[in-house]
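K.L.:
Here the working numbering is used: the first residue of the sequence shown is 49, the next is one more, and so on.
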Amino acid sequence: MSQAQFEAPTSANSSVDEKAFFDLHVNGVGYLNRIREVKPRKGQPFLACSISAMRGEPTDLDYTKFDLRVTGAEAKRIVAMLKPEVDTKKPVLIGFRIGDIYPELFTYERGEKAGQQGVAIKGRLLKIGFAKVDGQPVPLPKVEDPPQAATVTQ
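1) Alpha carbon to alpha carbon, how far is P151 from A168?
2) Using a 10 Å radius around the Cβ and a threshold of 16 neighbouring Cβ atoms, would you call G166 buried or exposed?
3) I need the boundaries of the alpha helix (DSSP H) containing E122, first residue and last residue.
4) Quick check on DSSP: helix, strand or coil for E157?
5) According to DSSP, which residues form a beta bridge with R82?
6) K170: which of Y79, V77, K67, L116 sits nearest, CA to CA?
7) G143: which of F69, D71, R82, G76 sits nearest, CA to CA?
8) Would you call G183 buried or exposed, if buried means 16 or more other Cβ atoms sit within 10 Å of its Cβ?
9) Taking the continuous beta strand (DSSP E) assigned at G171, which residues delimit it?
10) To which residues of the same chain is D148 closer than 7 Å at the C-beta, ignoring the five residues directly before and after it?
11) With 16 as the cutoff for other CB atoms within 10 Å, does F70 come out buried or exposed?
12) Should V181 and K138 be called a contact, given that it needs their Cβ atoms to be closer than 7 Å?
13) May I have the straight-line CA-CA distance separating I99 from K90, to the nearest angstrom?
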């Protein structure tokens, strides 16, 4: 294979002001946990959560944990709506889309692993496709279409 096959696609119509961006999305199903507002020393507070995503055979599941900033407007509304259920330790299963994942090293501060290094997979929660609480489907708020510009006909 030539190097040209690995280069980013370009458009003859792209302008200098256009920004190129490579999306990395993860779609899956998992349990919603640890919904909280994070107040950084610098910057604006934000909504965060974790998801224990299921992978593998249904009879022999493994889980991958994601620590996420909730960024999608619809996802923010849904996570806020599900927070009371998560806070009361009910199992909240969701279908999700995560963007821009990356690993982050940390040091355990308590417990058996205190002082040891660990890795967290960070990212942004973009979308929630469905939710179930205690196995029962939860109706999700509908996405409102952005207002259309008025058209004038002559």
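Yeah, the Cβ is synthetic: ideal placement off N, Cα and C, and Gly gets one too.
The model shown is predicted, which means the values in this text are computed figures rather than measured ones.
P.N.:
Considering the structure as presented:
1) Residue mapping note: residue 151 aligns to position 103 of the sequence shown, counting from 1. Residue mapping note: residue 168 aligns to position 120 of the sequence shown, counting from 1. When rounded, the distance between both Cα atoms is 6 Å.
2) What you label residue 166 is simply residue 118 of the sequence shown in a count that begins at 1. Classification of G166: exposed, given that the 10 Å Cβ count is below 16.
3) The residue you call residue 122 lines up with position 74 of the sequence shown. Here the alpha helix (DSSP H) through E122 covers 121 to 135.
4) Within the sequence shown, residue 157 is the residue found at index 109, counting from 1. Coil.
5) Taking the sequence shown and counting its residues from 1, one reaches residue 82 at position 34. According to DSSP, which records beta bridges pairwise, R82 is partnered with nothing at all.
6) Translated into the one-based positions of the sequence shown, residue 170 becomes position 122. Cα-wise, what sits closest to K170 is L116.
7) Position 95 of the sequence shown, counting from 1, holds the residue named residue 143. Taking only the C-alpha atoms, the option nearest G143 is G76.
8) Here residue 183 is taken as the residue at index 135 of the sequence shown, counted from 1. That one is exposed.
9) Here residue 171 is taken as the residue at index 123 of the sequence shown, counted from 1. Counting along the chain, the beta strand (DSSP E) containing G171 begins and ends at 165 to 181.
10) Locating residue 148 in the sequence shown gives position 100, where the first residue counts as 1. These residues qualify, in order along the chain: L72, G171, R172.
11) Along the sequence shown, read from residue 1 onward, the residue named residue 70 stands at position 22. So F70 counts as exposed.
12) Here the question's residue 181 lines up with position 133 in the sequence shown. Here the question's residue 138 lines up with position 90 in the sequence shown. The answer is yes: Cβ separation under 7 Å.
13) Looking up residue 99 in the sequence shown gives position 51. Looking up residue 90 in the sequence shown gives position 42. Approximately 25 Å between the Cα atoms of the pair.
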